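Numbering (the working numbering), first residue to last: 676 to 958. Every residue gets a Cβ at the ideal spot worked out from N, C-alpha and C, and that includes glycine. All figures in this text were calculated on a predicted structure; none of them were measured in a lab.
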Ligand SMILES: Nc1ncnc2c1ncn2[C@@H]1O[C@H](COP(=O)(O)OP(=O)(O)OP(=O)(O)O)[C@@H](O)[C@H]1O
Ligand SMILES: [Mg+2]
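See below:
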């Protein structure tokens with residue numbers, strides 16, 4: 676009996692947070708690095724289902740950098756990065772789209788559907804809802820900067836009770852354009868801004884942003900982020916992530932968090948407990 680009372684207490688503790696976030700849109704960037712074991716993927720799907728059932732509106736944007744690199748290696752296609760961004764030749768673009776839209780997107784969609792929520796996979800090419808232009812064609816090829824996100828595609832899916840799962844590919848503006856490979860962190864922020872999300876959560880493979888002693892930094896302001904970037908404490912894949920957090924909060928998203936996707940149910944800990952987890956980026 677005592678155990679049952681504890682269960683009820685736990686549920687009640689979540690009530691104020693359910694009230695706060697009910698009907699709100701929460702964008703989740705599901706990093707490739709966090710999509711590791713089958714067990715973790717299942718916990719992720721459970722969390723999404725729970726959020727959906729209590730009335731929160733989850734929207735997922737996924738990454739997949741490591742899988743793209745693995746496939747390029749398997750096909751002996753050269754790939755390189757300049758300033759942490761992939762150089763996307765036409766051939767790399769084909770593979771990136773196959774892996775992102777074809778493999779990873781459908782895997783996440785199927786998993787969520789098998790748990791009982793209705794997920795739909797799209798990329799920015801669908802209805803051309805995300806458009807981009809080349810960042811610098813001579814250097815990065817088909818790696819793009821987002822020029823526009825049309826909110827209605829995602830909003831309509833949410834209003835119809837679907838969980839949108841977005842692959843970070845954008846449409847080019849000219850007829851017959853092969854499209855652009857876009858950074859998934861920035862894609863998540865641009866989508867979050869366009870659809871009026873309340874919160875954005877980046878699930879990755881570290882506890883959050885760490886200092887040079889590998890200690891977690893629970894809260895960071897813009898100035899602190901800029902200093903940590905300048906002295907190299909924040910580097911590599913963490914750079915676009917903190918930039919994406921700043922982009923989101925500048926665009927009206929209330930809160931941005933970077934949390935550990937390797938920790939079971941970290942999203943629920945962030946949403947439904949007062950302590951939270953990971954790093955919060957504030958203005
Ligand atoms: N100060 C820092 N604190 C924590 N991680 C950092 C820091 N600086 C750099 N990193 C690196 O950033 C990585 C997270 O970014 P990464 O791009 O690898 O993952 P992701 O964005 O979750 O996955 P994907 O790019 O596939 O979607 C960490 O694994 C770590 O190596
Ligand atoms: Mg990344």
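Three or more beta-carbon pairs under 8 Å between the stretch 800-814 and the stretch 743-755, yes or no? no
Does the Cβ of residue 945 have 16 or more other Cβ atoms within 10 Å, making it buried, or fewer, making it exposed? buried
Using a Cβ-based criterion (distance less than 8 Å to any ligand heavy atom), does residue 953 qualify as near ligand 1? no
Whose C-alpha, out of 955, 938 and 958, is nearest the C-alpha of residue 716? 938
Contact defined as beta carbons within less than 8 Å: I believe residue 729 pairs with residue 815. What is the distance between those atoms, to the nearest angstrom? Not quite, the Cβ-Cβ distance comes to about 41 Å (not below 8 Å), so this is no contact.
Mapping the DSSP letters down to three states, classify residue 740 as helix, strand or coil. helix
Under 8 Å: do the stretch 824-832 and the stretch 769-789 share three or more Cβ pairs, one atom per stretch? no
Does residue 788 come out as helix, strand or coil in the three-state DSSP assignment? helix
Please tell me whether, using a cut-off of 8 Å, the distance from the CB of residue 843 to the nearest non-hydrogen atom of ligand 2 is below it. no
Hey, out of 909, 902, 864 and 936, whose CA is closest to residue 930's CA? 864
Could you check whether residue 867 and residue 857 sit closer than 9 Å to each other, using their CB atoms as the reference points? no
Which of helix, strand or coil does DSSP assign to residue 955? strand
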